[in-house]
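Structure first, then comments.
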Amino acid sequence: MGEITQDLHTNINENAKTINKKSSILLSYPRQYKWWLQMIIYTFLVLAGQSIGTLLGRIYFVNGGQSEWMATLVQVIGFPILFPFLWLTNSKNDQTETNTTKPSKPLTLISFYIAIGIFAAGISMLYSVALQYLPVTTFTLICASQLAFNALFSYFLNNQKFTPYIVNSLVLLTISSILLVFQTDPGDNSSKTSKRKYVLGFVCALAASSSYALLLSIIHLAYQKIIKKETLRAVIDLAIYQNLVATIVVLVGFFASGDWKKLEGEIRVYKSGRVSSYVMNLFGTAVCWQAFAVGGVGLIFKVSSLFANVIGIVGVPLPPILAVIFLNDKLTGLKAVSMVLAMWGFVSYMYQHYLDDLEMKEKSGLSDDQQEGVLVDERG
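With the working numbering applied, the sequence shown corresponds to residues 45 to 424, in that order.
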(Lines of atoms letter the chains of each structure in order from A and count residues from 1; the text may use other names and numbers.)
(Lines give C-alpha, C1' and ligand atoms only; values in the text may rest on other atoms or scores of the structure.)
Protein backbone atom coordinates (compact mmCIF):
# COMPACT_ATOMS: atom_id res chain seq x y z
CA MET A 1 0.00 0.00 0.00
CA GLY A 2 2.87 2.35 0.89
CA GLU A 3 4.52 1.63 -2.45
CA ILE A 4 1.30 2.44 -4.34
CA THR A 5 0.98 5.74 -2.44
CA GLN A 6 4.62 6.59 -3.16
CA ASP A 7 4.18 5.82 -6.87
CA LEU A 8 1.03 7.95 -6.91
CA HIS A 9 2.89 10.90 -5.36
CA THR A 10 5.74 10.43 -7.84
CA ASN A 11 3.35 10.46 -10.81
CA ILE A 12 1.59 13.54 -9.47
CA ASN A 13 4.93 15.36 -9.04
CA GLU A 14 6.05 14.40 -12.54
CA ASN A 15 2.76 15.54 -14.04
CA ALA A 16 2.99 18.81 -12.13
CA LYS A 17 6.52 19.38 -13.44
CA THR A 18 5.35 18.64 -16.99
CA ILE A 19 2.44 21.06 -16.67
CA ASN A 20 4.71 23.76 -15.21
CA LYS A 21 7.21 23.24 -18.01
CA LYS A 22 4.51 23.51 -20.69
CA SER A 23 3.06 26.60 -18.99
CA SER A 24 6.50 28.15 -18.87
CA ILE A 25 6.98 27.48 -22.60
CA LEU A 26 3.57 28.98 -23.44
CA LEU A 27 4.29 32.06 -21.33
CA SER A 28 7.69 32.48 -22.99
CA TYR A 29 6.21 32.71 -26.50
CA PRO A 30 5.09 36.38 -26.14
CA ARG A 31 8.54 37.24 -24.80
CA GLN A 32 10.18 35.49 -27.74
CA TYR A 33 8.00 37.40 -30.22
CA LYS A 34 8.85 40.65 -28.45
CA TRP A 35 12.56 39.78 -28.54
CA TRP A 36 12.48 38.98 -32.27
CA LEU A 37 10.51 42.16 -32.99
CA GLN A 38 13.15 44.21 -31.18
CA MET A 39 15.89 42.39 -33.09
CA ILE A 40 14.20 43.22 -36.40
CA ILE A 41 13.90 46.90 -35.44
CA TYR A 42 17.52 47.20 -34.30
CA THR A 43 18.78 45.36 -37.39
CA PHE A 44 16.76 47.66 -39.63
CA LEU A 45 18.23 50.73 -37.89
CA VAL A 46 21.78 49.45 -38.43
CA LEU A 47 21.30 48.56 -42.10
CA ALA A 48 19.22 51.62 -43.03
CA GLY A 49 21.34 54.04 -41.01
CA GLN A 50 24.61 52.79 -42.48
CA SER A 51 23.38 52.63 -46.09
CA ILE A 52 21.39 55.87 -46.26
CA GLY A 53 23.95 57.76 -44.16
CA THR A 54 26.71 56.85 -46.62
CA LEU A 55 24.51 57.79 -49.57
CA LEU A 56 23.52 61.17 -48.09
CA GLY A 57 27.16 61.89 -47.28
CA ARG A 58 28.05 61.48 -50.95
CA ILE A 59 24.98 63.46 -52.10
CA TYR A 60 26.15 66.39 -49.95
CA PHE A 61 29.31 66.73 -52.04
CA VAL A 62 27.65 65.89 -55.36
CA ASN A 63 25.10 68.70 -54.90
CA GLY A 64 27.69 71.36 -54.15
CA GLY A 65 28.69 70.85 -50.51
CA GLN A 66 32.35 71.71 -49.96
CA SER A 67 32.97 71.69 -46.20
CA GLU A 68 34.71 68.54 -45.04
CA TRP A 69 34.31 69.78 -41.46
CA MET A 70 30.53 70.01 -41.85
CA ALA A 71 30.37 66.54 -43.41
CA THR A 72 32.37 65.25 -40.44
CA LEU A 73 30.29 67.09 -37.84
CA VAL A 74 27.00 65.47 -38.85
CA GLN A 75 28.53 62.03 -38.29
CA VAL A 76 29.10 62.62 -34.56
CA ILE A 77 26.87 65.46 -33.34
CA GLY A 78 23.70 63.38 -32.91
CA PHE A 79 24.96 61.51 -29.83
CA PRO A 80 22.26 62.94 -27.44
CA ILE A 81 19.85 60.44 -29.00
CA LEU A 82 21.67 57.78 -26.96
CA PHE A 83 20.66 59.34 -23.61
CA PRO A 84 17.38 57.35 -23.27
CA PHE A 85 19.42 54.14 -23.31
CA LEU A 86 20.90 55.16 -19.96
CA TRP A 87 17.54 54.33 -18.34
CA LEU A 88 17.78 50.77 -19.66
CA THR A 89 20.79 50.05 -17.49
CA ASN A 90 19.22 48.46 -14.43
CA SER A 91 20.61 45.85 -12.09
CA LYS A 92 18.95 42.96 -13.97
CA ASN A 93 20.15 43.74 -17.49
CA ASP A 94 23.43 45.44 -16.68
CA GLN A 95 25.57 42.57 -15.52
CA THR A 96 29.22 43.31 -14.88
CA GLU A 97 32.13 41.21 -16.03
CA THR A 98 35.11 42.49 -14.08
CA ASN A 99 38.71 41.46 -14.48
CA THR A 100 39.86 43.12 -11.28
CA THR A 101 38.11 44.49 -8.21
CA LYS A 102 40.15 47.70 -8.34
CA PRO A 103 38.54 50.20 -10.76
CA SER A 104 40.59 52.61 -12.83
CA LYS A 105 41.14 56.13 -11.57
CA PRO A 106 38.72 58.77 -12.90
CA LEU A 107 41.63 60.66 -14.45
CA THR A 108 42.63 57.55 -16.39
CA LEU A 109 39.09 57.08 -17.71
CA ILE A 110 38.76 60.75 -18.66
CA SER A 111 42.11 60.66 -20.48
CA PHE A 112 41.05 57.55 -22.36
CA TYR A 113 37.70 59.06 -23.42
CA ILE A 114 39.43 62.23 -24.62
CA ALA A 115 42.06 60.29 -26.59
CA ILE A 116 39.51 57.96 -28.15
CA GLY A 117 37.25 60.92 -29.04
CA ILE A 118 40.06 62.77 -30.79
CA PHE A 119 40.97 59.59 -32.66
CA ALA A 120 37.32 59.09 -33.69
CA ALA A 121 37.13 62.68 -34.96
CA GLY A 122 40.17 62.04 -37.16
CA ILE A 123 38.62 58.86 -38.54
CA SER A 124 35.37 60.67 -39.35
CA MET A 125 37.33 63.36 -41.20
CA LEU A 126 39.11 60.70 -43.27
CA TYR A 127 35.75 59.17 -44.18
CA SER A 128 34.45 62.60 -45.24
CA VAL A 129 37.44 63.27 -47.50
CA ALA A 130 37.09 59.80 -49.04
CA LEU A 131 33.38 60.32 -49.72
CA GLN A 132 34.14 63.68 -51.32
CA TYR A 133 36.42 62.20 -53.97
CA LEU A 134 35.19 58.63 -54.47
CA PRO A 135 31.97 57.12 -55.84
CA VAL A 136 29.95 55.29 -53.19
CA THR A 137 30.61 51.91 -54.82
CA THR A 138 34.39 52.38 -54.68
CA PHE A 139 34.27 53.93 -51.20
CA THR A 140 32.25 51.06 -49.74
CA LEU A 141 34.40 48.34 -51.27
CA ILE A 142 37.58 49.95 -49.93
CA CYS A 143 35.99 50.24 -46.49
CA ALA A 144 35.38 46.50 -46.61
CA SER A 145 39.11 46.10 -45.94
CA GLN A 146 38.31 47.09 -42.34
CA LEU A 147 37.62 43.43 -41.59
CA ALA A 148 41.12 42.43 -42.69
CA PHE A 149 42.70 45.19 -40.59
CA ASN A 150 40.49 44.19 -37.69
CA ALA A 151 41.79 40.62 -37.81
CA LEU A 152 45.38 41.90 -38.04
CA PHE A 153 45.13 44.27 -35.08
CA SER A 154 43.18 41.71 -33.05
CA TYR A 155 46.07 39.29 -33.55
CA PHE A 156 48.54 41.71 -31.93
CA LEU A 157 46.29 43.42 -29.35
CA ASN A 158 43.54 40.91 -28.52
CA ASN A 159 45.32 37.54 -28.92
CA GLN A 160 43.17 36.41 -31.84
CA LYS A 161 44.57 33.37 -33.63
CA PHE A 162 45.12 33.18 -37.38
CA THR A 163 43.16 30.20 -38.67
CA PRO A 164 42.96 29.10 -42.34
CA TYR A 165 39.56 30.83 -42.68
CA ILE A 166 40.91 34.09 -41.22
CA VAL A 167 43.95 33.98 -43.51
CA ASN A 168 41.69 33.26 -46.48
CA SER A 169 39.57 36.28 -45.52
CA LEU A 170 42.66 38.51 -45.25
CA VAL A 171 43.90 37.48 -48.69
CA LEU A 172 40.51 37.95 -50.39
CA LEU A 173 39.86 41.36 -48.83
CA THR A 174 43.38 42.52 -49.69
CA ILE A 175 42.96 41.50 -53.34
CA SER A 176 39.51 43.13 -53.37
CA SER A 177 41.01 46.48 -52.36
CA ILE A 178 44.06 46.18 -54.63
CA LEU A 179 41.80 45.69 -57.67
CA LEU A 180 40.28 49.13 -57.07
CA VAL A 181 43.70 50.76 -57.45
CA PHE A 182 43.42 49.99 -61.17
CA GLN A 183 39.86 51.34 -61.39
CA THR A 184 39.38 54.36 -63.63
CA ASP A 185 36.06 56.16 -63.25
CA PRO A 186 34.74 57.24 -66.67
CA GLY A 187 34.74 61.01 -67.17
CA ASP A 188 36.44 61.81 -63.87
CA ASN A 189 40.07 60.91 -64.44
CA SER A 190 40.87 62.81 -67.59
CA SER A 191 42.96 65.40 -65.76
CA LYS A 192 45.83 65.05 -63.36
CA THR A 193 43.83 66.86 -60.68
CA SER A 194 41.04 64.27 -60.86
CA LYS A 195 43.56 61.45 -60.64
CA ARG A 196 45.16 63.05 -57.60
CA LYS A 197 41.76 63.41 -55.95
CA TYR A 198 40.91 59.79 -56.69
CA VAL A 199 44.21 58.65 -55.15
CA LEU A 200 43.66 60.95 -52.16
CA GLY A 201 40.18 59.54 -51.65
CA PHE A 202 41.48 55.98 -51.97
CA VAL A 203 44.25 56.61 -49.41
CA CYS A 204 41.84 58.33 -46.99
CA ALA A 205 39.30 55.49 -47.25
CA LEU A 206 42.02 52.91 -46.63
CA ALA A 207 43.46 54.94 -43.73
CA ALA A 208 39.98 55.39 -42.23
CA SER A 209 39.24 51.66 -42.46
CA SER A 210 42.53 50.66 -40.86
CA SER A 211 42.18 53.34 -38.18
CA TYR A 212 38.63 52.28 -37.34
CA ALA A 213 39.76 48.66 -37.06
CA LEU A 214 42.54 49.81 -34.72
CA LEU A 215 39.97 51.81 -32.73
CA LEU A 216 37.81 48.70 -32.24
CA SER A 217 40.79 46.66 -31.05
CA ILE A 218 41.85 49.42 -28.66
CA ILE A 219 38.32 49.65 -27.25
CA HIS A 220 38.20 45.87 -26.82
CA LEU A 221 41.50 46.03 -24.92
CA ALA A 222 40.33 49.03 -22.90
CA TYR A 223 37.31 47.11 -21.59
CA GLN A 224 39.79 44.70 -19.99
CA LYS A 225 42.56 47.08 -18.89
CA ILE A 226 40.93 50.49 -18.30
CA ILE A 227 37.13 50.31 -18.17
CA LYS A 228 37.37 46.85 -16.59
CA LYS A 229 33.77 45.91 -17.24
CA GLU A 230 31.60 44.94 -20.19
CA THR A 231 28.12 46.24 -19.43
CA LEU A 232 25.43 48.07 -21.34
CA ARG A 233 26.15 51.18 -19.28
CA ALA A 234 29.84 50.99 -20.18
CA VAL A 235 28.98 50.66 -23.88
CA ILE A 236 26.63 53.66 -23.81
CA ASP A 237 29.02 55.79 -21.75
CA LEU A 238 31.83 55.11 -24.20
CA ALA A 239 29.63 55.96 -27.21
CA ILE A 240 28.41 59.22 -25.63
CA TYR A 241 31.76 60.46 -24.33
CA GLN A 242 33.57 59.47 -27.52
CA ASN A 243 31.12 61.38 -29.73
CA LEU A 244 31.00 64.32 -27.30
CA VAL A 245 34.77 64.78 -27.50
CA ALA A 246 34.72 64.19 -31.26
CA THR A 247 31.99 66.84 -31.67
CA ILE A 248 34.03 69.40 -29.69
CA VAL A 249 37.16 68.65 -31.75
CA VAL A 250 35.29 68.96 -35.06
CA LEU A 251 33.57 72.20 -33.97
CA VAL A 252 36.96 73.69 -33.06
CA GLY A 253 38.30 72.70 -36.47
CA PHE A 254 35.17 74.01 -38.18
CA PHE A 255 35.53 77.50 -36.71
CA ALA A 256 39.35 77.59 -36.75
CA SER A 257 39.44 76.71 -40.46
CA GLY A 258 37.00 79.49 -41.31
CA ASP A 259 34.53 77.10 -42.95
CA TRP A 260 31.69 78.72 -41.02
CA LYS A 261 32.26 81.91 -43.04
CA LYS A 262 31.64 80.00 -46.27
CA LEU A 263 28.29 78.53 -45.22
CA GLU A 264 26.20 81.24 -46.86
CA GLY A 265 27.97 80.81 -50.19
CA GLU A 266 27.81 77.03 -49.91
CA ILE A 267 24.05 77.12 -49.31
CA ARG A 268 23.63 79.48 -52.26
CA VAL A 269 25.31 77.10 -54.72
CA TYR A 270 23.96 73.91 -53.14
CA LYS A 271 21.46 72.40 -55.58
CA SER A 272 20.46 75.77 -57.11
CA GLY A 273 20.32 77.54 -53.76
CA ARG A 274 17.73 75.35 -52.05
CA VAL A 275 18.17 75.96 -48.33
CA SER A 276 15.66 73.25 -47.47
CA SER A 277 17.61 70.64 -49.46
CA TYR A 278 20.84 71.63 -47.72
CA VAL A 279 19.35 71.48 -44.23
CA MET A 280 17.45 68.26 -44.89
CA ASN A 281 20.58 66.55 -46.19
CA LEU A 282 22.63 67.43 -43.10
CA PHE A 283 19.76 66.64 -40.74
CA GLY A 284 19.07 63.34 -42.49
CA THR A 285 22.75 62.36 -42.38
CA ALA A 286 22.96 63.07 -38.65
CA VAL A 287 19.76 61.12 -37.96
CA CYS A 288 20.93 58.15 -40.05
CA TRP A 289 24.28 57.79 -38.31
CA GLN A 290 22.67 58.05 -34.89
CA ALA A 291 20.03 55.51 -35.94
CA PHE A 292 22.99 53.30 -36.83
CA ALA A 293 24.43 53.95 -33.35
CA VAL A 294 21.11 53.20 -31.62
CA GLY A 295 20.70 49.97 -33.59
CA GLY A 296 24.25 48.94 -32.78
CA VAL A 297 23.82 49.58 -29.05
CA GLY A 298 20.51 47.71 -29.13
CA LEU A 299 22.07 44.66 -30.79
CA ILE A 300 24.94 44.70 -28.31
CA PHE A 301 22.40 44.90 -25.48
CA LYS A 302 20.19 42.10 -26.84
CA VAL A 303 22.87 39.75 -28.20
CA SER A 304 26.55 40.70 -28.40
CA SER A 305 29.02 43.13 -29.95
CA LEU A 306 30.09 40.42 -32.42
CA PHE A 307 26.53 40.07 -33.71
CA ALA A 308 26.27 43.86 -34.11
CA ASN A 309 29.44 43.81 -36.23
CA VAL A 310 28.08 40.91 -38.29
CA ILE A 311 24.91 42.87 -39.12
CA GLY A 312 27.03 45.86 -40.15
CA ILE A 313 29.06 43.60 -42.43
CA VAL A 314 25.94 42.10 -44.00
CA GLY A 315 24.87 45.62 -45.02
CA VAL A 316 28.05 46.36 -47.00
CA PRO A 317 26.51 45.60 -50.45
CA LEU A 318 23.54 47.92 -49.84
CA PRO A 319 25.24 51.34 -50.35
CA PRO A 320 26.69 50.39 -53.77
CA ILE A 321 23.27 49.14 -54.90
CA LEU A 322 21.59 52.35 -53.71
CA ALA A 323 24.32 54.42 -55.37
CA VAL A 324 23.78 52.68 -58.70
CA ILE A 325 20.03 53.37 -58.45
CA PHE A 326 19.99 56.95 -57.10
CA LEU A 327 23.41 58.40 -58.03
CA ASN A 328 23.95 56.61 -61.34
CA ASP A 329 27.23 55.14 -60.12
CA LYS A 330 28.62 52.67 -62.63
CA LEU A 331 29.12 49.15 -61.31
CA THR A 332 31.97 48.15 -63.63
CA GLY A 333 33.22 44.62 -64.06
CA LEU A 334 36.24 45.35 -61.87
CA LYS A 335 34.01 46.64 -59.08
CA ALA A 336 31.72 43.61 -59.41
CA VAL A 337 34.70 41.24 -59.06
CA SER A 338 35.93 43.27 -56.09
CA MET A 339 32.50 43.03 -54.43
CA VAL A 340 32.33 39.25 -54.94
CA LEU A 341 35.80 38.82 -53.42
CA ALA A 342 34.86 41.08 -50.50
CA MET A 343 31.68 39.12 -49.76
CA TRP A 344 33.62 35.85 -50.05
CA GLY A 345 36.08 37.24 -47.52
CA PHE A 346 33.20 38.20 -45.20
CA VAL A 347 31.70 34.71 -45.39
CA SER A 348 35.07 33.13 -44.62
CA TYR A 349 35.62 35.46 -41.67
CA MET A 350 32.15 34.92 -40.20
CA TYR A 351 32.33 31.15 -40.72
CA GLN A 352 35.36 31.09 -38.44
CA HIS A 353 33.35 32.92 -35.77
CA TYR A 354 30.54 30.40 -36.30
CA LEU A 355 33.01 27.58 -35.61
CA ASP A 356 34.24 29.38 -32.50
CA ASP A 357 30.64 29.75 -31.32
CA LEU A 358 29.99 26.02 -31.81
CA GLU A 359 33.13 25.23 -29.84
CA MET A 360 31.96 27.45 -26.98
CA LYS A 361 28.54 25.73 -26.97
CA GLU A 362 30.19 22.31 -26.80
CA LYS A 363 32.33 23.42 -23.88
CA SER A 364 29.33 24.85 -22.04
CA GLY A 365 27.32 21.67 -22.68
CA LEU A 366 24.17 23.53 -23.80
CA SER A 367 22.05 22.62 -26.79
CA ASP A 368 20.87 25.18 -29.35
CA ASP A 369 17.36 25.23 -27.83
CA GLN A 370 18.75 25.77 -24.36
CA GLN A 371 21.02 28.54 -25.66
CA GLU A 372 18.06 30.30 -27.31
CA GLY A 373 15.96 29.94 -24.16
CA VAL A 374 18.71 31.42 -22.00
CA LEU A 375 19.24 34.24 -24.51
CA VAL A 376 15.56 35.22 -24.54
CA ASP A 377 15.20 34.89 -20.76
CA GLU A 378 18.29 36.98 -20.00
CA ARG A 379 17.94 39.62 -22.70
CA GLY A 380 14.18 39.77 -23.16
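Where a beta carbon is used, it is the ideal one built from N, C-alpha and C, also for glycine.
| task | Consult DSSP for Lys-78 and reduce its assignment to one of helix, strand or coil. | result | Mapped onto the sequence shown, residue 78 falls at position 34. In this structure, Lys-78 counts as helix in the three-state DSSP scheme.
| task | Could you name the residues of the same chain whose beta carbon sits closer than 7 Å to that of Met-404, not counting the 5 residues immediately before and after it, in chain order? | result | For the purposes of this step, residue 404 is taken as residue 360 along the sequence shown, with counting starting at 1. For Met-404, where only same-chain residues beyond five positions count, there are no Cβ hits under 7 Å.
| the stretch 115 to 127 touching the stretch 263 to 275, judged by at least three CB pairs closer than 8 Å | Cβ pair count under 8 Å is below three, so no.
| task | Tell me where the alpha helix (DSSP H) around Leu-288 begins and ends. | result | As a first step, residue 288 must be located in the sequence shown, where it is residue number 244. Segment 276 to 300, the alpha helix (DSSP H) holding Leu-288.
| message | Using only the alpha-carbon positions, how far apart do Asp-232 and Phe-246 sit? | response | Stepping through the sequence shown from its first residue, residue 232 is reached at position 188. Stepping through the sequence shown from its first residue, residue 246 is reached at position 202. Confidence at Asp-232 is low in this model, with a pLDDT of 46, below 50, so its placement is unreliable and the value that follows should be read with caution. The alpha-carbon of Asp-232 is positioned some 14 Å away from that of Phe-246.
| query | By how many angstroms is the C-alpha of Ala-386 removed from the C-alpha of Leu-375? | reply | As a first step, residue 375 must be located in the sequence shown, where it is residue number 331. As a first step, residue 386 must be located in the sequence shown, where it is residue number 342. Answer to the nearest angstrom: the Cα atoms are 15 Å apart.
| 7 Å Cβ cutoff met for Ala-380 and Leu-89 | The residue you call residue 380 lines up with position 336 of the sequence shown. The residue you call residue 89 lines up with position 45 of the sequence shown. No Cβ-Cβ contact shorter than 7 Å links Ala-380 with Leu-89.
| request: Please classify Glu-112: is it buried, with 16 or more other beta-carbons within 10 angstroms of its beta-carbon, or exposed? | output: Here residue 112 corresponds to residue number 68 of the sequence shown, with the count starting at 1. Buried.
| message | For a test of the three-state rule: what should DSSP assign to Leu-178, helix, strand or coil? | response | Numbered from its first residue, the sequence shown carries residue 178 at position 134. Here Leu-178 sits in coil by DSSP.
| task | Specify whether the stretch 295 to 305 and the stretch 178 to 190 touch according to this definition: at least 3 beta carbon pairs, one from each stretch, less than 8 Å apart. | result | Touching, no, given that fewer than three Cβ pairs across the two stretches are closer than 8 Å.
| How big is the Cα-Cα spacing for Met-383 and Val-338? | Within the sequence shown, the letter at position 339 stands for residue 383. Within the sequence shown, the letter at position 294 stands for residue 338. Taking the straight line joining both Cα atoms gives about 27 Å.
| Given 8 Å as the limit, is there contact between the stretch 80 to 88 and the stretch 288 to 298, that is, 3 or more CB pairs closer than that? | Between the stretch 80 to 88 and the stretch 288 to 298 there are fewer than three inter-stretch CB-CB distances shorter than 8 Å, so the stretches are not counted as touching.
| Nearest-angstrom beta carbon gap, Leu-191 and Tyr-398 [assumed within contact, 8 Å] | Your numbering for residue 398 matches position 354 in the sequence shown. Your numbering for residue 191 matches position 147 in the sequence shown. That pair is no contact at about 15 Å.
| query | Going by C-alpha distance, which of Ile-96, Met-169 and Leu-151 is nearest Ala-290? | reply | The residue given as residue 290 occupies position 246 in the sequence shown. Closest by C-alpha distance to Ala-290, out of Ile-96, Met-169 and Leu-151, is Met-169.
| said: Measuring only the C-alpha atoms, how far is Lys-407 from Val-279? | reply: Looking up residue 407 in the sequence shown gives position 363. Looking up residue 279 in the sequence shown gives position 235. Roughly 27 Å between the two C-alpha positions.
| field | For Trp-333, the nearest candidate out of Asn-287, Tyr-242, Val-368 and Ser-220 (CA to CA) | value | Looking up residue 333 in the sequence shown gives position 289. Comparing Cα positions, the closest option is Asn-287.
| request: Quick one: give me the first and last residue of the alpha helix (DSSP H) that Thr-376 is part of. | output: The residue given as residue 376 occupies position 332 in the sequence shown. The continuous stretches of alpha helix (DSSP H) do not include Thr-376, and DSSP gives it neither H nor E.
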